[in-house]
Amino acid sequence: MLVTAYLLALLALLLAWPVPVALSRARWTSRSPFAAMVLWQAIALAGGLSMIGAMLVYGLEPLGGTLVGALRRAATIVLGNESADELHFWHLFALSAAALLTVHLLFTLLLTYARIVSQRRRHRDLLSLLSSPSGALERTWVINHPAPVAYCLPGGSRSVTVLSDSLVETLAPEELAAVVRHEKAHLTQRHHLLLWAFEAWRAALPWLPTSRLARQAVNSLVEMLADDVARRSTPDDVLVRAIALVAVGGETAPDVVAGDGGGSRAGTAPAGLVPDRGDADDAGIAARLSRLLTPRPPLGRGATAVVLAAALMLLALPTALLIAPGLF
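The sequence shown lines up with residues 50 to 377 when you count with the numbering used here.
And the structure:
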């Protein structure tokens with residue numbers, strides 16, 4: 050099993066640095082954002098499994114030739130209060146690290162979920178006080194804000210799309226329709242679940258290049274996926290104008306300052322009600338506009354199949370190594 054542990058450690062190292070860096074620089078991802086999204090998920094899952102698996106297999110190596118046999122022996126030692134003379138310091142250290150990393154990842158996932166749910170609940174309460182339903186658009190609320198702003202607030206049957214009155218006034222009807230279709234695509238395709246998982250991955254391992262690059266890439270890819278939904282019924286030039294107007298309006302809008310008790314300056318929404326946009330979002334907007342202004346054909350079926358097969362192999366390899374470590 051020692052060779053298996055080394056193979057898993059090598060795979061974890063590759064998925065922590067060179068592979069995500071190469072994928073983040075790839076130009077084909079904008080041509081097939083769905084395939085790219087699947088590949089990023091496979092890299093994250095396979096990387097986590099390889100890290101934990103390498104430490105687990107190394108720590109259990111003295112207890113048996115297979116993972117199942119070693120786990121049975123470990124259970125016998127723990128439950129029977131037997132001596133564990135086979136395990137030396139580094140074996141116990143690896144087992145402890147594997148357990149701690151697993152708990153850390155699961156705890157961060159749950160903690161991130163709880164934080165997001167709390168933020169959405171507070172956000173929804175603010176919306177109920179400071180916005181009004183749009184009479185023309187279903188499950189859409191309008192807030193008073195000087196910048197053209199549009200975003201969605203997930204919540205199952207209570208999911209809504211939020212628009213600023215400035216956006217409604219600035220965009221032409223067909224441009225506004227494109228923005229609404231884009232935001233509703235986020236809700237119907239459950240993009241918030243993907244963002245939650247990668248946000249938790251980033252929070253758990255902020256020092257890991259995979260987590261940072263993956264979060265940036267996934268944020269950009271979900272926007273492209275939503276754009277593709279809007280493009281089905283909206284010309285590209287209309288969508289480009291809508292994206293550009295919202296981007297320029299967000300850059301030139303004044304800062305929003307919150308007062309006590311969720312109040313705000315007259316004529317603006319309180320801070321936290323309108324999402325902030327940073328440099329990463331600017332880069333994502335540039336990428337979205339570029340693929341719409343100079344469209345390239347999507348990946349062919351063969352190339353897409355290769356990407357999906359690579360994602361499947363990334364998940365299958367550490368799984369196979371863990372299931373049958375005695376073969377290596």
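Glycine is no exception: its CB is placed at the ideal position from the N, C-alpha and C atoms.
Within the model, the alpha-carbon separation for residue 94 versus residue 219 is close to 43 angstroms.
With at least 16 other beta carbons inside 10 angstroms of its own, residue 247 counts as buried.
Excluding five sequence positions before and after residue 296, the CB atoms of its chain that fall closer than 7 angstroms to its own CB belong to 334, given in chain order.
Boundaries cannot be given for residue 198, as no beta strand (DSSP E) includes it and DSSP labels it neither H nor E.
Residue 231 places its beta carbon less than 8 angstroms from that of residue 278. Around the beta carbon of residue 170, fewer than 16 other beta carbons sit within 10 angstroms, so the residue counts as exposed. The Cβ neighbour count for residue 181, taken over all protein chains shown within 10 Å, is under 16; the residue is labelled exposed. Minimum Cα-Cα distance from residue 243 among the listed residues 270, 361, 368 and 370 corresponds to 270. Looking at 360, 193 and 120, the one whose alpha-carbon comes closest to that of residue 177 is 193. The C-alpha of residue 146 lies about 7 angstroms from the C-alpha of residue 104. The residue among 261, 156, 109 and 344 with its C-alpha nearest the C-alpha of residue 280 is 344. Distances from the alpha-carbon of residue 342 to those of 366, 331, 354 and 286 put 286 closest. The shortest C-alpha to C-alpha distance from residue 214 to any of 225, 258, 207 and 266 is the one to 225.
For the pair residue 173 and residue 204, the CB atoms are nearer than the 8 angstroms cut-off. Residue 109 holds the alpha-carbon nearest to the alpha-carbon of residue 139 among 109, 158 and 61.
In its chain, beyond the 5 residues on either side, 338 have a beta carbon closer than 7 angstroms to the beta carbon of residue 293. Residues of the same chain with their beta carbon placed closer than 7 angstroms to that of residue 134 are lacking, with the five preceding and five following residues left out of the count. Taking C-beta atoms as the reference points, residue 241 and residue 275 fail to come closer than 8 angstroms. Sequence-distant Cβ neighbours of residue 249 in its own chain, meaning closer than 7 angstroms and more than five residues away, are 157, 158 and 161.
For residue 346, the three-state secondary structure derived from DSSP is coil. Residue state for residue 115 is assigned as coil, using DSSP reduced to three classes. Per the coordinates, the alpha-carbon of residue 115 lies some 7 angstroms from the alpha-carbon of residue 373. Beta-carbon to beta-carbon, residue 64 and residue 96 are separated by about 4 angstroms, close enough to satisfy the 8 angstroms threshold. Within a 10 Å sphere around the beta-carbon of residue 185 sit fewer than 16 other beta-carbons, which makes this residue exposed. With contacts defined by Cβ atoms closer than 8 angstroms, residue 124 and residue 112 do not form a contacting pair. The criterion of a C-beta distance shorter than 8 angstroms is satisfied by residue 80 and residue 347.
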